[in-house]
Amino acid sequence: LTMEMKDSGSVVLTAYHPHSPARIPGMEQSFVQDIPPSHSPTSRKSLSRCRRINRMLSNESVPPAFSRSNSQASVDSTSMEDFWCEVESIKESREDGSEEAMLLEFKPADEGELEAEWLQDVGLSTLISGAEEEDGQALLSTLTRTQAAAVQKRYNTYTQTLRKKNKHTVRDVRDIFGTSDSSPTFETVPVSPVSSNGIQLPGQKPVWKSVSSKSCLDCGIDKGSPSITEELSYDVSFSESITVLPKTQEWPKNQRFKKEDSALPKFIVRKSRFGLTEVGDLSPEDMKKIRYLSLIELTAFYDALGVELKRNRAERVRGRENGLFGVPLTVLLENDQKKVPGIKVPLIFQKLLLKLEETGLETEGILRVPGSASRVKNLRQELEAKFYEDAFDWDQVRNNDAAGLLKMFIRELPSPLFTVEYLPAFITLVEKISKIKLQLQALHLLIMLMPEANRDTAKAFLQFLKKVVANEGKNKMNLWNVSMIVAPNLFIYKGKRANQQEMQAAATTAHIVRLLIRYQDILWTVPSFLISQVRKMNEAAMNNSKRQLMFDKGVRKLLRRKTMERERPERPEGAVTFPPYLQSDIPEGVIRVYAPLHSKVSMAIQLNSQTKAKDILARFHCENSRGPSQNVRGQIQSLHEIGGNIGQHCLDPDAFMLDVYRANPQAEWVIKPKAS
């Protein structure tokens, strides 16, 4: 991308399209000429629109007394052209009938309804129903102080609303949290604030391994990035680690962003002795609990920052039940899984990404330069008819047309990819939170909140976008360009006349997409403090179940004990009772690892402080190297922690096994392929 900076704040875009006419000396090129000649009728219709946006951007978007040298976040006016031309392209594709416009209608919430929905969404419907459910009790028992304060605040609002409406008697919040009148109330800011999230707990000296986000994005995105890096740690709750932020740190209303990639800081993830856990490494049951805890933590995080967590309440829009476009992701996956069991991303979406990755990554202006509207419309109809019959000819699809189909697929989802409910939260994290590290933490929790189908599809899409940016030298699409084009396709914009507020939202959503692409390898890891809470939640649930079982079968237990006393032989004097782990066949610190796909199916392994998961895998590989099983060849094996206080956990190869064993001594250890 070639840019010329002028005093007026305008940007000249060149070298986007091979057929662009030569630049006339002394005259700025208009971005209108980048639109392919084949779209001349549509281009003429869009000409006045684009010029109008040009004037508005240059005249209204620069705040008074704006200084380019001391601005913390700035963006040049005409760098927004890509965004608004994409909006216009979307509008025109809907007007000519090539895609169906499905606008979501938001219904107003009655007083108290948002709080009731929030309590249900975090798995605490028991507080509404009044039932003594084990899961709700287990969840409450694991909350941090700031998380408990967030729950208490929402429950107080809910109960006060019900009392006003005189619906029915509700439980007092003190009955839930076990507080009395003399007990201190929860605060949203910890008593002993810390300077960062990378704190070290007393009595612990963990061994850390730095994992740089740059190592995952070594494609030139980091060119010219600051030499100073910031550390991230997942060991402590984000909300517990927030200090009181001065009000002056909130972004001004005329907030502007630096579009240079170097404006984004480099983060180092500190890898603890438990390693890192990706979203696909946990069982669906545990990921459901992660979502509960993430919403509570996100709410506590916003509370600690003094920011309102806004949510939409959208009417359910029922999409098509068959076909490819305009079909809910869950329905698509149900249909696709009949053909390919276990698939996590819709087949049509995968195929479009594959087509572009094979032939389109080096295409100049890919994603930005639109394909032919008529061709895209015809290709869509042909795909609907032939895709599942494997009769569609992909060789006929041009790269820009494939990009158009990809964006159309995303736009026509009945519910946005990043969900209707939390679109305002995405906007708020940029508009109300000034520090990128805090924006990233909020974004991280929002990713954890996404439904599985949305999250897996978004991950595949962002991985593709990372590859597009990696080929910037040939396709002329840098991180900011890609973000500008993708933003209106991911967030809800109707393509109407731009005003100042909409232009601000445009820059905001583009910045969000930029963060998603730049830091995606960080965002797909599950914070370890949430995993610790899931372990505690599972333990609490098991203990509650045991207590309930004991209560329900009290008489039977009494009879059993009497029977055992009659049958138990007398113990001689001086006999020593050993703890259960010494009475078992396997002593403490020794685990039995099962590998059902190997020729040697099990092995007892003595752990020490330096034993890692990859060491155990290497030992099994060595033992089976002479005659490996046919089932193992060509498969990447991983060590899994199963049962105990976790459902299933695929371990990081760098995880120190003695630490994991001590955290879950009742687990089973199995070597098997990692779920794709």
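Going letter by letter, the sequence shown gives residues 1 to 676 in UniProt numbering.
Where a beta carbon is used, it is the ideal one built from N, C-alpha and C, also for glycine.
Thinking residue i and residue j are a contact (beta carbons under 8 Å), I'd like their distance in whole angstroms, please.
| i | j | result |
| --- | --- | --- |
| tyrosine 155 | leucine 114 | No, tyrosine 155 and leucine 114 are not in contact; Cβ-Cβ is about 13 Å, not under 8 Å. |
| residue 709 | alanine 655 | Nothing about residue 709 can be reported from this structure: the residues present for the chain run from 1 to 676 only. |
| glycine 112 | tyrosine 158 | 5 Å |
| leucine 443 | leucine 298 | Not confirmed; about 10 Å, so no contact. |
| alanine 425 | arginine 514 | The Cβ separation is near 17 Å, so there is no contact. |
| leucine 282 | glutamine 648 | 7 Å |
| phenylalanine 418 | leucine 490 | 6 Å |
| serine 272 | serine 528 | 6 Å |
| asparagine 538 | isoleucine 642 | The pair is not a contact, with the Cβ atoms about 12 Å apart (cut-off 8 Å). |
| isoleucine 485 | glutamate 86 | 5 Å |
| arginine 518 | leucine 276 | Between leucine 276 and arginine 518 the Cβ distance is about 18 Å, and since that is not below 8 Å, they are no contact. |
| threonine 457 | phenylalanine 349 | 6 Å |
| leucine 423 | proline 416 | 6 Å |
| glycine 323 | glutamate 384 | 5 Å |
| alanine 453 | leucine 333 | 6 Å |
| valine 526 | isoleucine 228 | Contact doesn't hold; Cβ gap of about 27 Å is too wide. |
| leucine 232 | valine 269 | 5 Å |
Near residue i, which residues of its chain fall below 6 Å by C-beta distance, leaving aside the five closest residues on each side in sequence?
| i | result |
| --- | --- |
| tryptophan 669 | Ile591 and Val593 |
| leucine 516 | Leu462 |
| glutamine 666 | Gly644 |
| alanine 663 | none |
| isoleucine 427 | Thr508 |
| proline 653 | Ala613 and Lys614 |
| threonine 144 | Ser237 and Glu240 |
| serine 532 | none |
Could you name the residues of the same chain whose beta carbon sits closer than 8 Å to that of residue i, not counting the 5 residues immediately before and after it, in chain order?
| i | result |
| --- | --- |
| aspartate 336 | Ile343, Pro346 and Leu347 |
| leucine 658 | Gly589, Leu607, Asn608, Ser609 and Thr611 |
| arginine 455 | Val279 and Ile447 |
| methionine 603 | Arg592, Val593, Ala595, Arg619, Phe620 and Glu623 |
| tyrosine 661 | Gly589, Ile591, Leu607 and Ala667 |
| valine 340 | Leu347 |
Closest by CA to residue i, which one among the options?
| i | options | result |
| --- | --- | --- |
| leucine 465 | Leu353, Lys435 and Thr525 | Leu353 |
| glutamine 637 | Lys91, Cys650 and Ser239 | Cys650 |
| alanine 300 | Pro416, Gln441 and Leu367 | Gln441 |
| glutamate 623 | Thr457, Ala595, Gly473 and Lys467 | Ala595 |
| histidine 511 | Phe529, Val526 and Pro488 | Pro488 |
| isoleucine 522 | Lys437, Thr611 and Glu362 | Lys437 |
| alanine 541 | Ala116, Glu117, Met657 and Gly136 | Gly136 |
| arginine 535 | Leu293, Glu334, Ile616 and Glu389 | Leu293 |
| lysine 674 | Val340, Val151 and Leu617 | Leu617 |
| glutamate 230 | Val601, Gly323, Lys435 and Ala116 | Lys435 |
| valine 430 | Leu413, Lys407 and Ala505 | Ala505 |
| isoleucine 605 | Met287, His598, Pro587 and Ser599 | Pro587 |
| methionine 477 | Lys351, Glu412, Ser545 and Val369 | Val369 |
| asparagine 544 | Leu333, Ser141 and Ser125 | Ser141 |
| threonine 146 | Lys91, Phe238 and Val269 | Phe238 |
| leucine 309 | Lys153, Lys407, Leu479 and Asp395 | Lys153 |
| lysine 467 | Lys600, Gln520, Glu285 and Gln439 | Gln520 |
Name the two residues that bound the continuous alpha helix (DSSP H) containing residue i.
| i | result |
| --- | --- |
| alanine 604 | Here alanine 604 belongs to no alpha helix (DSSP H); instead the beta strand (DSSP E) covers 602-606. |
| serine 294 | 284-305 |
| histidine 621 | 613-623 |
| isoleucine 128 | 126-129 |
| isoleucine 646 | No alpha helix (DSSP H) contains isoleucine 646, which is instead part of the beta strand (DSSP E) from 646-650. |
| serine 374 | 373-386 |
| tyrosine 661 | 657-663 |
| aspartate 654 | Premise fails: aspartate 654 is in no alpha helix (DSSP H) and is neither H nor E. |
| glutamine 115 | The displayed chain sequence assigns glutamate, not glutamine, to residue 115. From DSSP, the alpha helix (DSSP H) with glutamate 115 extends over 113-121. |
Please go through the same chain and pick out, in chain order, the residues whose beta-carbon is closer than 7 Å to the beta-carbon of residue i, but skip the five residues on each side of it.
| i | result |
| --- | --- |
| aspartate 401 | Gly371, Ser372, Arg375, Val376 and Leu379 |
| asparagine 399 | Leu356, Thr359, Gly360, Thr363 and Ile366 |
| arginine 49 | Here arginine 49 scores only 49 on pLDDT, less than 50, and its place in the model is too uncertain to base an answer on. |
| valine 397 | Lys355 and Leu379 |
| alanine 150 | Ile296, Thr299, Ala300 and Asp303 |
| lysine 459 | Trp524 |
| arginine 320 | Gly326 and Val327 |
| valine 307 | Thr428, Lys432 and Ile433 |
| phenylalanine 387 | Leu324 and Ile348 |
Taking 8 Å as the cut-off, is the C-beta of residue i nearer than that to any heavy atom in the ligand ADP?
| i | result |
| --- | --- |
| alanine 403 | This structure simply doesn't include the ligand ADP, nor any ligand for that matter. |
Can you tell me where the beta strand (DSSP E) holding residue i begins and where it ends?
| i | result |
| --- | --- |
| aspartate 345 | Residue identity check: residue 345 is valine in the sequence provided, not aspartate. Taken as a continuous stretch (DSSP letters only), valine 345 belongs to no beta strand (DSSP E), as it is neither H nor E. |
| leucine 232 | 229-232 |
| serine 638 | 637-643 |
| valine 593 | 590-594 |
| arginine 270 | 266-271 |
| residue 684 | Coverage of the chain is limited to positions 1 through 676, which leaves residue 684 absent and any answer about it impossible. |
- prompt: For the region 409-485, which segments carrying the alpha helix (DSSP H) assignment without a break, of at least 4 residues, lie completely within its bounds, in sequence order?
  reply: Qualifying alpha helix (DSSP H) stretches, in chain order: 423-431, 436-449, 452-470 and 472-475.
task: Report the residue ranges of all alpha helix (DSSP H) runs contained in full by the region 134-170; include only those spanning at least 4 residues, in chain order.
output: You should have 134-141 and 145-165.
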